[in-house]
Amino acid sequence: MFEKVLVANRGEIAIRVMRALREMGIASVAVYSEADRDAPHVRYADEAHLLGPPTPAESYLAIPKIVEVAQKVGAEAVHPGYGFLAENADFARACDEAGIVFIGPPAGAIEAMGSKTRAREIMQEAGVPIVPGATEPSEDVEAAREVAAEIGYPVAAKAAGGGGGKGFRVARTDDELADAFEGASREGEKFFSDPRVYLERYLDDPRHVEVQVLADAHGNVVHLGERDCSIQRRHQKLIEEAPAPHVDSEMRDRIGKIATDAAAAVEYRSAGTVEGLHVGEEYFFLEMNTRVQVEHCVTEMVTGIDIVREQVSIAAGEPLSIAQDDVEWRGHAIECRINAEAAHKNFAPAPGRISSYVEPAGPGVRVDSGLEAGSEVTPLYDPMVAKLITWDVDRDKATARMLRALNEYRIDPLVTLIPFHQAILATEQWANGETCRDLIEDRHWLRSLEPEKPPAPPAEEDGAAELAEREYKVEVDGRLHAVKVIGAAAAAPAAAGNPGTATRRPPRRERKSGGAATSAVTEALVSPLQGTVLRVAVEEGAEVSEGDLICVIEAMKMENEITAHRSGKLASLPIAQGASVAAGDLLAKIE
Ligand code: MV4
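Next comes the structure, spelled out in structure tokens:
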């Protein structure tokens with residue numbers, strides 16, 4: 080077994096990997112960027128090395144630097160986590176050449192699965208059912224038109240180098256094909272430097288069901304069952320669960336076999352995920368992810384198998400610790416991704432510094448987090464800062480447990496997806512195991528998730544003391560009472576961030592119409608993030624309603640829709656397509 084392993088990642092997944100290493104008696108080496116000097120993953124490791132500036136290209140993506148550190152410290156292997164270099168065949172090769180074990184599949188398997196058309200071809204040959212459609216890119220729109228006519232509308236145009244929904248467009252009719260084809264091509268070029276596009280039949284409201292596989296160097300391949308990840312927005316998964324609510328044991332065996340066949344077809348080794356679409360009784364291969372996934376935890380909770388530990392021991396040449404017949408599924412697990420995002424503002428990133436942080440705990444609760452009080456969530460990295468996973472004997476109980484745990488979670492003063500998860504998990508749709516897609520796309524519903532604002536600052540220019548409401552805890556005869564005091568407070572009590580107790584904030588109150596300074600603040604729509612204006616959706620002078628799209632800002636290759644924070648007239652719109660904006664810059668004034 081290895082003695083020392085370098086973890087080429089940050090945040091929750093770096094800590095997740097180091098936890099497995101520590102249990103295995105393996106020393107862990109963290110790497111970090113200048114932005115992460117004080118990050119929890121750095122402190123968790125047995126030793127840590129600076130890579131360089133905050134930008135990923137100069138730190139977590141800098142292959143030569145990472146390989147150099149691994150060699151210098153004598154790490155025998157590197158674990159890439161997910162994201163960053165996890166599916167980079169060049170990195171896997173650079174490790175091989177430096178005599179360092181890459182904890183993941185062979186570079187050839189990464190490459191084979193990186194090309195979606197090649198993956199489809201290999202799977203078709205291996206007898207794995209693929210979504211009906213082409214296994215070759217179309218030369219141009221005209222060629223695509225012929226393929227589409229054969230497949231039948233609606234069709235999906237997908238980037239050949241794509242995956243995870245990037246470079247994915249739908250054409251419902253022949254009229255929409257050119258736009259879909261060109262849109263997918265542009266996105267493929269932007270994200271994967273590959274403009275090629277192929278067509279598939281577009282399946283209506285499928286479920287995203289994926290199968291976890293493990294394969295060792297001795298020819299053993301097992302599957303650990305499926306996860307349902309249908310609750311996603313713009314191809315970002317938000318909630319995942321295992322088992323899938325619409326998969327029975329017969330279906331599990333069938334898609335499990337599809338997944339192990341898929342892995343065997345590329346001589347897979349390590350942990351991997353076969354993603355597919357489940358419609359009615361049918362299941363189609365979509366793509367294979369050659370890494371440990373964010374949502375691996377729900378599979379760990381229902382099988383009891385430590386997927387990261389298996390990855391490490393497979394990489395060290397050990398046989399799998401389990402055979403297919405040893406895999407048993409028990410109960411139900413749900414994962415909520417805790418992103419620093421404002422669901423009520425179209426999931427705009429909401430970076431900031433955490434002042435107070437309290438994690439939920441108790442029976443059946445697991446928190447995989449990369450945060451603590453004092454941590455800053457920067458717009459430079461992934462807004463997913465933690466994962467909350469609950470387990471219980473069935474889906475309803477796991478849901479109740481999740482709601483209980485979400486209620487205990489305090490990440491102040493950040494805006495996170497916690498209110499979104501609470502709202503979704505309370506719906507009838509969720510209870511029925513539906514995909515909830517209409518809700519997630521519904522601007523009005525999302526806007527209702529806006530958190531209540533803290534009370535307005537007291538005493539304004541007119542001198543009339545505002546009637547501030549405060550809550551105190553008072554014990555009378557040993558019984559605790561919440562007492563509301565209305566009136567000017569002499570001294571503010573320390574804000575109690577006591578988890579689990581329902582310290583209700585005072586109701587939001589309309590501000591008295593203020594002077595010019597006040598209205599300038601409320602008119603201003605400022606950028607929540609640093610990025611480039613991709614598109615401006617409105618014109619100066621137009622009347623807009625709260626929630627209307629104002630512009631799209633690209634940051635970290637993600638498109639963020641910025642919507643009107645109030646209804647009114649667009650008095651000023653000092654932005655143009657292609658312009659750079661910083662966080663806090665004025666985007667529009669809405670009178
Ligand atoms: C599809 C599809 C319909 N037809 N492919 C691809 C990446 C993943 N994020 C979602 N993807 C889809 N691929 C064909 N041929 C629909 C989706 C899809 C989806 C699938 C299941 C559950 C939720 C989804 C949300 C958006 C898109």
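So for the sequence shown, my numbering puts the first residue at 80; every next one is plus one.
All C-beta atoms, glycine included, are put in the ideal place defined by N, C-alpha and C.
Model, not experiment: these values are computed from the prediction.
Asked: Where residue 540 falls: helix, strand or coil (DSSP); Found: Because the pLDDT at residue 540 is just 47, under 50, the model does not fix this residue reliably, and the value given afterwards should be weighed accordingly. Coil at residue 540, not helix or strand.
Asked: Unbroken alpha helix (DSSP H) run spanning residue 189, endpoints; Found: 186-193
Asked: Contact under 7 Å by Cβ, residue 365 with residue 355; Found: yes
Asked: Residue 241 - DSSP class collapsed to helix/strand/coil; Found: strand
Asked: Boundaries of the alpha helix (DSSP H) in which residue 509 is found, first to last residue; Found: 507-510
Asked: Beta-carbon spacing of residue 307, residue 288 below 7 Å; Found: yes
Asked: Residue 210 Cβ short of 6 Å to ligand 1 heavy atom set; Found: yes
Asked: Beta-carbon proximity of residue 369 to residue 653, cut-off 7 Å; Found: no
Asked: Exposure of residue 656, with buried meaning 16 or more beta-carbon neighbours within 10 Å; Found: exposed
Asked: Beta-carbon gap between residue 465 and residue 417 smaller than 7 Å; Found: yes
Asked: Where residue 107 falls, given that 16 or more other Cβ within 10 Å makes a residue buried; Found: buried
Asked: Rounded distance between the beta-carbons of residue 616 and residue 628, thought under 8 Å; Found: 4 Å
Asked: Beta-carbon contacts of residue 132 that lie in its chain and below 6 Å, excluding the five residues immediately before and after; Found: 113
Asked: Check: residue 162 C-beta below 6 Å from any heavy atom of ligand 1; Found: no
Asked: Backbone secondary structure at residue 83 - three-state DSSP; Found: strand
Asked: Short Cβ contact (7 Å threshold) for residue 414 with residue 319; Found: yes
Asked: Cβ separation of residue 348 and residue 395, assumed to be a contact under 8 Å, to the nearest whole Å; Found: Not really, about 12 Å apart at Cβ, beyond 8 Å.
Asked: Through-space distance from residue 338 to residue 298, alpha-carbon basis; Found: 15 Å
Asked: Length of the line joining the Cα atoms of residue 503 and residue 317; Found: 11 Å
Asked: DSSP beta-bridge partners of residue 247; Found: 237
Asked: Beta-carbon proximity check, residue 145 vs residue 93, cutoff 7 Å; Found: no
Asked: Test item: CB-CB of residue 601 and residue 633 under 7 Å; Found: no
Asked: DSSP-derived helix/strand/coil call for residue 210; Found: coil
Asked: Beta carbon of residue 458 nearer than 7 Å to that of residue 428; Found: yes
Asked: Residue 560 burial status per 10 Å Cβ neighbour count (16 or more: buried); Found: exposed
Asked: Residue range of the alpha helix (DSSP H) that includes residue 339; Found: 328-344
Asked: Through-space distance from residue 203 to residue 283, alpha-carbon basis; Found: 22 Å
Asked: Extent of the continuous alpha helix (DSSP H) run through residue 635; Found: Premise fails: residue 635 is in no alpha helix (DSSP H) and is neither H nor E.
Asked: Collapsed DSSP secondary structure at residue 447 in the structure displayed; Found: strand
Asked: Check: residue 233 C-beta below 6 Å from any heavy atom of ligand 1; Found: no
Asked: Beta-carbon proximity list for residue 542, same chain, < 8 Å, skipping 5 on both sides; Found: Note on residue 542: pLDDT 45, under 50, position unreliable in the model; no value is reported.
Asked: Residue 285: CB within 6 Å of a non-hydrogen atom of ligand 1; Found: yes
Asked: Assigned exposure category for residue 649 - 16 Cβ within 10 Å defines buried; Found: buried
Asked: Paired residues, beta bridge with residue 166 - DSSP; Found: For residue 166, which the question treats as bridged, DSSP gives no partner whatsoever.
Asked: 6 Å CB neighbourhood of residue 323 in its chain, flanking five on each side removed; Found: 288, 305, 307
Asked: Residue 99 - containing alpha helix (DSSP H), residue span; Found: 90-102
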